[in-house]
Amino acid sequence: MKAVFFTGDRNVEVADTPDPTPGPGEVVIQIKASGMCGSDLNTLRAPAGSRPRLIAGHEPCGIVAAVGPDVSPKQARVGDRVMDHHYSGCGVCIHCRDGWTQLCEDGSTVYGNTGHGSHAEYMLVPAYTCIPLPEELSFSAGAAISCGTGTAYGGLMRLGLSGRDTIAIFGQGPVGLSGTQLAAAMGARVISLDIESSRRDAALGFGADAVIDPRAEDPVEALRELTGGRGVDCVLDCTSSAEARLQGARACKVWGRICYVGMGGEVTYDVSNDVIKKQLTIVGSWTFSQNGQAECARFCVDRNIDVDALFSHRWSLDEAPEAYVMFDRQNTGKGVFEL
């Protein structure tokens, strides 16, 4: 089969590799769509020789092509349309039993990072990682929900977002735009921030009530002005910027909440003034559980959310080197490989 590998120093290789065969408890997914995620860039940019040779990609969606022994029909059957929860763990610890296999007490495999991923014609996974894809959603939409869109949904759930809230969403890459789209559907007042004008325009199209360019004005003051001086009820930070993360905390009102979903980077608080005296609630959210992924897909169907509108670029696997040169610039919408 054809597969995509990150070989270090921003180099991408498309190569033939053996087709996978399912063992006990495993299935093979024929990949129909595999999304490009911002966290791919960490692996793409790694020095040559610093990481094992693994198939890239962790936003899988497709059709079950083969089923190994000991797989229950309730888990997967040949022909099923499925997303994949792109982690595996021991399967028996408290976190695995809750569907949070990325938090496995024995350590987890993250497909596309520490295990073979989805930028390929076929992908071998444990059957329990398969999540049904509703018929109303395209394979590309399922790929987005398998990480970026699902990550935004998970963060909004951690914040307990409601229609009473005003939320500021820092960063309008694919995850942030998903957050804007989902938060608007939840009835919140949404203020979206990004330094790229094209991404601010996209946010308005996805339901933002207002947008802010953090380079053109002080975002903390701008958010206070838009909220009568109080500050926003909550913040979803989708960046890895220390400056943006601190601005998000300072833009929250007293008793506000902030959730971090952007991986990497640091932030330094004045704990007394930025956190304690504001009674600020700070949470982190690492993607979603298996149940959360299914819930996000159902929410998108029930609210008629156009997840496919996130995609600005659609590629074949052969075009992967070109696709990642463009994606590495971080000024586009979401990309997806369609097979």
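Read left to right, the sequence shown gives residues 1174 to 1512 (the numbering used here). Ideal placement from N, C-alpha and C gives every residue a C-beta, glycine not left out. On a predicted model such as this, the values are computed, not experimentally measured, just so you know.
In the three-state reduction of the DSSP assignment, Gln1420 falls in the helix class, which pools H, G and I.
By the neighbour-count definition (other C-beta atoms within 10 Å, threshold 16), Asp1479 is an exposed residue. When C-alpha distances from Lys1205 are compared across Ser1313, Tyr1301, Pro1242, the shortest belongs to Ser1313. For Gly1429, the closest C-alpha among the options Pro1299, Ala1341, Val1251 is that of Ala1341.
By the Cβ test, the stretch 1242–1253 is not in contact with the stretch 1266–1275, since fewer than three Cβ pairs between them sit closer than 8 Å. Around the CB of Asp1443, fewer than 16 other CB atoms lie within 10 Å, so the residue is classed as exposed. Three or more Cβ pairs closer than 8 Å define a contact, and the stretch 1384–1398 falls short of that threshold against the stretch 1247–1254. The DSSP assignment places complete alpha helix (DSSP H) segments of no fewer than 4 residues inside the stretch 1357–1437 at 1370–1378, 1392–1399, 1415–1424, in order along the chain.
A straight line joining the alpha-carbon of Glu1278 with that of Gly1264 spans about 10 Å. Bounds of the beta strand (DSSP E) holding Asn1184 are 1184–1189. The stretch 1284–1291 makes contact with the stretch 1220–1233, as at least three CB pairs between them are under 8 Å. Per DSSP, Ser1485 is one residue of the beta strand (DSSP E) stretching across 1484–1488. DSSP lists Pro1233, Phe1510 as the bridge partner or partners of Ser1207. In this structure Trp1488 is not in contact with Ala1482, their Cβ atoms being roughly 17 Å apart against a cut-off of 8 Å. Going by C-alpha positions, Val1363 is about 18 Å away from Phe1472. In this structure, DSSP gives Ile1478 a state outside helix and strand, which the three-state scheme calls coil.
With distances taken between CA atoms, Leu1366 lies nearest to Ala1424 out of Ser1311, Ala1358, Ala1424, Gly1360. If you draw a straight line from the Cα of Val1434 to the Cα of Asp1189, it is about 34 Å long.
Around the Cβ of Gln1466, a 10 Å sphere holds 16 or more other Cβ atoms; the residue is buried.
Cβ neighbours of Ala1300 within its own chain (closer than 8 Å, five residues either side excluded): Gly1198, Glu1199, Val1200, Val1240, Gly1241, Val1244, Ser1245, Gln1248, Ala1249. Going by DSSP, Pro1494 is part of the alpha helix (DSSP H) stretching over 1493–1500.
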